[in-house]
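Q: If you want this note's numbering, it's the 1-based position in the sequence shown plus 11.
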Amino acid sequence: MGQEEINGVKELLPLAEKYGLAVVLTFILLVILAVLVKMIIKGDLVPRSLLDRAEEDRDRLQAILDKEREGFMAPLLEMVKNLKKDEDRGG
12 MGQEEINGVK ELLPLAEKYG LAVVLTFILL VILAVLVKMI IKGDLVPRSL
62 LDRAEEDRDR LQAILDKERE GFMAPLLEMV KNLKKDEDRG G
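1) Quick check on the DSSP output: what are the complete alpha helix (DSSP H) runs of length 4 or more inside the stretch 15 to 54, in order along the chain?
2) Can the beta-carbon of V35 be found closer than 9 Å to that of L47?
3) What's the C-alpha gap between L94 and R69?
4) May I have the straight-line CA-CA distance separating D99 from E81, to the nearest angstrom?
5) Distance, Cα to Cα, K21 vs F38?
Dropping the structure here:
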């Protein structure tokens, strides 16, 4: 342990004696949890490279799905266009 850590513990000991060890440890745990939640929200807990790779994969798969949807919907769109042409001709 470094000197700073020892000094930090020395500052916490009077609080633990005055309020009780459980209260002080609970407060410290809440602070640690708050920092972890903040890191998760900001994305610091997940390496940026993994996040970028996941986004690239998502974009690539979305493009594949769009192509499949376009191929699947083409006959239906053609049929709707033909129906509209028939209506315009009066039939």
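Glycine residues also receive a C-beta, built at the ideal position from the N, C-alpha and C atoms.
A: This is what the structure gives:
1) Assignment of alpha helix (DSSP H) within the stretch 15 to 54, counting only whole runs of 4 or more residues, yields 32 to 53 in chain order.
2) With contacts defined as CB atoms closer than 9 Å, V35 and L47 fail to qualify as a contacting pair.
3) 37 Å
4) CA-CA distance, D99 to E81, rounds to 26 Å.
5) Each residue's alpha carbon lies about 16 Å from the other.
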